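Structure first, commentary second.
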Amino acid sequence: MIKGKKRVLTWKNYHKYVGVISAVFMLFFCVSGIILNHRKLFADCQISRAWLPGSYHFQNYNNGILKGTMALDDSLVMAYGCAGIWLTNKDFSDFKDFNAGLPRGVDGRNIKNVVKTAEGTLWCAALYDLYRHDGSGWVKQDLPDNEERLSDVALDKKGRQVLALTRSSVYTVSSLNLNDSTVYKAERRQLQSPENYTPKVTLFKTVWLLHSGELFGIVGKLAVDFVAVVMAVLCLTGMLLFVFPYVMRRHKRLMKGKIRKWEGTAMKWSQRWHNRLGYYLLALSLLVVVTGMCLRPPLMIPLVLTKSSPLPGTVQDQENVWSDKLRAIRWDKAENAWLISTSDGFIRVDEQFRLPPVLLPLEKSPTVSPMGITVFKQENDGEWLVGSFSGMYRWSPASGEVADYFSGRPVEKRKARPVAANMISGYTDDVGTGKLITFDYVKGATGLPMMPQLLKEQPMSLWNFALELHVGRCYSPFLGPFSELFVFLSGLLITLVLLSGYIVYSRRKKKRGNNRDMYQ
């Protein structure tokens, strides 16, 4: 009996003290997770980067503030990035806002690419929508039946037709002259499946969708939101149960043995719902916690390297084998076909998208980070510049030769690491010198004037802040290299709190049941 009692007290102490320590972080996980699950709902919300650690400030064109540029004439350059579009000169010495017509929130002004047609019309692909500039501001172009984020915008070989690439399909935009006015119409094109192609998804992606609930559509996301609310209630009631006894004892001394009625009521209510929610929703809570642990090192590594077939009956079970896989598109002048970057590698597609795409061999292609391609440019000799967080390379699709852009050395083996020493987030070749300058996500750019205050003051979207909070990267100034393990270690502690609470409550229920049996 004594040994059993000691075990109960031990579990109780685990639950009590570890729970108090982890409750604050658990609240952050819950709130940020709900925001991440509903990106469009919070698209207009943003926060100042001045409140964040220094690594999140814009300095020297870092953090994706500029991804690319396009020369409009001999002196004017349009620059774009994660916070919008600006006009500047060839010296990058004077920036002016060029965002009229784009969404108010910085998340909706995350620009993927800009193009200029042969007629001189400007188009840009923002995160959610395609826009055309009518001379006074950006005008949204309707893409029928599209609920996805955009990946890219490009021009056909004549530079007249615009193509918008979503995460799963292609839209061709054509202009029609009606009643002395130009009307633009978008038509959806779905890519076919390559011959002898079996669609696969990484186990990491499956666990990711399970963690967010998106694996089962909106119903799954709302179910996970409900679990997040429940866990937030567990944290709040747990902290009340920890603090209230001390407060009540103090009031009892001051009020000569009496306590205020509302304190006793609040204590009982907190105890009742804390126990019931934690006990009956243990399985769902553990599912969310454990799957979250799997999405960060060290558990994520084997999941990223393992592929499986799409799960039947889930959002992965699609007729379109390219669902959520398309990342960038360019016209390949040398091959007279489209070259598309996907999460499965590079594919080549005919001009009208009528034939099955051809998958290019992975071993003869440059490594592209899972975060997506950031530089995709064809040189005059037919070679391509391909950049991402995995570095930057010169690539000849015809020969399969890949060379590191900075060292010029041939790359004989594809890198497995998703992040390289040079985390390329974009480039420009429109500076006065004509030299190509790369933008590093961390270090920024070299060879450019001091970054203007207009760009430094750009905010961060609430969704991106929630992501940094949810994955623990914002704790890196305090935890250093251990921030990579923050989610994993937090998950272990939260799992301990959930299981210890379940054990303590189960034993109490069993003890109360035994006591009732004795008096019957």
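Using this note's numbering, read the sequence shown as starting at 9 and increasing by one per residue. Glycine is no exception: its CB is placed at the ideal position from the N, C-alpha and C atoms. Note that the coordinates shown come from a computational prediction; the quantities given were computed from them, not determined experimentally.
| By a C-beta neighbour count over all protein chains shown, 10 Å radius and 16 as the cutoff for buried, is H282 buried or exposed? | Buried, because 16 or more other Cβ atoms sit within 10 Å of the Cβ of H282.
| field | Alpha-carbon to alpha-carbon, T350 and L368 | value | When the Cα atoms are used, L368 and T350 turn out to be separated by approximately 11 Å.
| field | Nearest to L135 (by Cα), restricted to the options G143, R117, S144 | value | R117
| What is the rounded straight-line gap between the Cα of R280 and the Cα of Q54? | Straight through space, the alpha carbons of Q54 and R280 are spaced by roughly 38 Å.
| Counted within 10 angstroms of its Cβ, other Cβ atoms place G455 as buried (16 or more) or exposed | G455 should be labelled exposed.
| query | Do you know how far the Cα of S498 is from the Cα of K24? | reply | For K24 and S498, the distance between alpha carbons rounds to 16 Å.
| By Cβ distance below 8 Å, which residues in the same chain neighbour F224 in space, the five residues on each side in sequence not counted? | A231, T322, V323
| message | Can you check which of these residues, V512, M468, L158, T77, is closest to F66 by C-alpha distance? | response | M468
| task | Confirm, please, whether the CB-CB distance from F37 to H478 is below 9 Å. | result | yes
| Identify the residues that DSSP records as bridge partners of H141: which are they? | Beta-bridge pairing by DSSP links H141 to W146.
| said: Our contact map puts F496 next to M275 with C-beta atoms below 8 Å; I'd like the distance itself, whole angstroms only. | reply: The Cβ separation is near 35 Å, so there is no contact.
| said: Quick check: what's the CA-CA separation for S377 versus M308? | reply: 15 Å
| Spatial distance of L506 from R520 (CA atoms) | When rounded, the distance between both Cα atoms is 21 Å.
| Between R516 and Y288, what straight-line distance do the alpha-carbon atoms span, to the nearest angstrom? | 15 Å
| query | In chain order, what residues of the same chain lie with their CB nearer than 8 Å to the CB of D52, ignoring the 5 residues before and after it? | reply | P111, R112, G113, D115, G116
| said: One question on the structure: do N397 and T382 come within less than 9 Å of each other, judged by their Cβ atoms? | reply: Contrary to the premise, residue 397 reads as Phe rather than Asn in this sequence. It is a contact, given that the beta carbons lie within the stated cut-off.
| request: Could you say which of I337, D82, I119 lies nearest to K529 if we only look at CA atoms? | output: The requested residue 529 does not occur in the structure, where the chain is confined to residues 9 to 528.
| said: Using CA atoms only, rank isn't needed, just tell me which of Q169, D142, G228, V235 is closest to S189. | reply: D142
| query | Thinking C-alpha only, which one of G27, M34, Y64, L171 is nearest R481? | reply | Y64
| message | Count Cβ pairs between the segment 439-451 and the segment 27-43 that sit closer than 8 Å; are there 3 or more? | response | no
| field | Residue closest to V297, alpha-carbon to alpha-carbon, out of W19, L35, T18 | value | L35
| query | Leaving out five residues before and five after Y527 in sequence, what residues of the same chain have Cβ atoms less than 6 Å from its Cβ? | reply | With a pLDDT of only 39 at Y527, under the threshold of 50, the placement of this residue in the model should not be trusted; the figure read from the coordinates follows. Around Y527: no qualifying Cβ.
| What do you reckon, are the CB atoms on D137 and K148 nearer than 9 Å? | yes
| field | Whether G395 touches K372 by CB criterion (9 Å) | value | no
| With burial defined as no fewer than 16 other Cβ atoms inside 10 Å of the residue's Cβ, what is the status of S144: buried or exposed? | exposed
| query | Between K341, L319, I355, which lies nearest to R335 when the distance is taken from Cα to Cα? | reply | I355
| How close, in whole Å, do the beta carbons of D81 and N121 come, if the pair is a contact with beta carbons under 8 Å? | At roughly 20 Å, the Cβ-Cβ gap does not stay under 8 Å, so D81 and N121 are not in contact.
| Between which two residues does the alpha helix (DSSP H) containing M301 stretch? | Its alpha helix (DSSP H) spans residues 290-301.
| message | Would you say the beta carbon of S373 is closer than 8 Å to some non-hydrogen atom of the ligand PLP? | response | By its list of ligands, the structure shown contains no ligand whatsoever, and the ligand PLP lies outside what it can speak to.
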